[in-house]
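Novice: Count the sequence shown with UniProt numbering and you get residues 1 to 209, in order. Virtual Cβ for every residue (Gly too), placed ideally from N, Cα, C.
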Amino acid sequence: MKLMQINASARGVDSESLFISSAFVSELISYTEVDLDTYNLFEDSLPEFGAVASSAKMSILRGGDLSIDQKTVWGEIKRVFERFAAADAYVFNVPLWNNGVPYKLKQFIDVVTQPGLAFEFDVENGYIGLMRGRKSLVIHASGVYYEGVATSFGSDFSTPYVEHWLQFIGVESIQHVHVAPTVLNTNFFKTKGEAEVLVRNLARNWLGK
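1) With a Cβ-Cβ cutoff of 8 Å, do VAL177 and ALA195 count as a contact?
2) Go ahead and label LEU166 buried or exposed: buried means 16 or more other beta carbons lie within 10 angstroms of its beta carbon, across all protein chains shown.
3) Determine, using beta carbons only, whether LYS57 and GLN114 come nearer to each other than 8 Å.
4) Among VAL111, VAL197, LYS209, whose alpha-carbon lies nearest the alpha-carbon of PHE19?
5) Hey, which unbroken runs of the alpha helix (DSSP H) at 4 residues or more fall wholly within the segment 143 to 191?
6) Taking just the CA atoms, how far does VAL111 sit from LYS2?
7) Return the CA-CA distance between LEU66 and VAL52, expressed in angstroms with no decimal places.
8) Determine the closest residue to PRO102 out of ALA86, SER59, ASP156, with distance taken between C-alpha atoms.
9) Return yes when the Cβ of LYS104 is within less than 8 Å of the Cβ of LEU41, no when it is not.
10) With DSSP collapsed to three states, give me the class of residue 210.
11) Quick one: measure Cβ to Cβ for ILE169 and PHE119, integer angstroms, because I've assumed they're closer than 8 Å.
12) Would you list the one or two residues that DSSP bridges to GLN5?
13) Since PRO181 and GLY148 are thought to touch, with beta carbons under 8 Å apart, how far apart are those beta carbons, to the nearest angstrom?
14) Could you have a look at GLY208 and say whether DSSP puts it in helix, strand or coil?
15) Quick one: residues in its chain with C-beta nearer than 6 Å to the C-beta of LYS71, no 5 flanking neighbours on either side, listed in chain order?
16) I need the straight-line Cα distance from SER17 to ASN93, nearest angstrom please.
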């Protein structure tokens with residue numbers, strides 16, 4: 001299995017979402033050979049998607065030629081995408097930031113979600129994802145918000161956003177695990193332990209164990 005672990009937390013070893021993600025990975029490794037690629041979004045190189053990249057994308061959508069500058073930037077984008085596309089499975093750990101995803105994950109999504117790479121467009125059928133045949137697990141963590149809490153404690157726009165993005169690019173098997181709340185919780189060790197047991201079971205299920 002070629003697995004990419006995408007870490008969208010800036011907290012390093014203090015990250016609860018990363019802890020649960022790593023438990024899933026370690027369980028997989030204990031049962032099968034895993035070719036693991038870890039992408040730390042706050043530490044690893046990630047190109048900016050600015051004016052030149054945006055104009056290159058529009059040129060591609062219109063079937064036009066790229067300028068020298070556009071080719072250079074597009075080459076950087078393709079390198080990130082090819083690293084992403086080389087995996088046949090993904091585990092994301094995503095903390096909830098201001099009711100949404102961390103900005104580095106949004107940047108990663110904007111970089112890899114490109115025409116002719118992650119999707120294509122058909123005038124009759126619309127967008128068609130090109131990342132079919134892959135599976136994914138998304139670990140979400142939030143300090144205060146949890147499902148069912150009053151709206152004054154926040155909202156979760158992260159889960160549906162990541163879900164819809166993965167569907168958009170063609171990933172068909174998508175699972176979510178929520179670790180919450182991590183701060184407003186008098187028994188967080190129990191919450192964390194239950195999440196760890198859950199993802200270890202999911203890892204075995206992935207392998208048919």
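Specialist: Reading off the structure:
1) Yes; because the gap between Cβ atoms is below 8 Å, this pair is in contact.
2) That one is buried.
3) Remark: C-beta atoms of LYS57 and GLN114 approach each other more closely than 8 Å.
4) Checking every option, the nearest Cα to that of PHE19 belongs to VAL197.
5) With a minimum length of 4 residues, the continuous alpha helix (DSSP H) runs that stay inside the segment 143 to 191 are 158 to 168.
6) Pairing LYS2 with VAL111, the inter-Cα distance amounts to about 21 Å.
7) Cα to Cα, the separation comes out at about 10 Å.
8) With distances taken between Cα atoms, PRO102 lies closest to ASP156.
9) Cβ distance < 8 Å, so LEU41 and LYS104 count as in contact.
10) One cannot answer for residue 210 here, as it falls past the ends of the chain, which runs 1 to 209.
11) The C-beta distance from ILE169 to PHE119 rounds to 6 Å, short enough to meet the 8 Å contact threshold.
12) GLN5 pairs with THR38, VAL91.
13) Rounded to the nearest angstrom, the Cβ distance from PRO181 to GLY148 is 11 Å, too far for a contact under 8 Å.
14) In the three-state reduction of the DSSP assignment, GLY208 falls in the coil class, being assigned neither a helical nor a strand state.
15) None.
16) Each residue's Cα considered, the two are about 5 Å apart.
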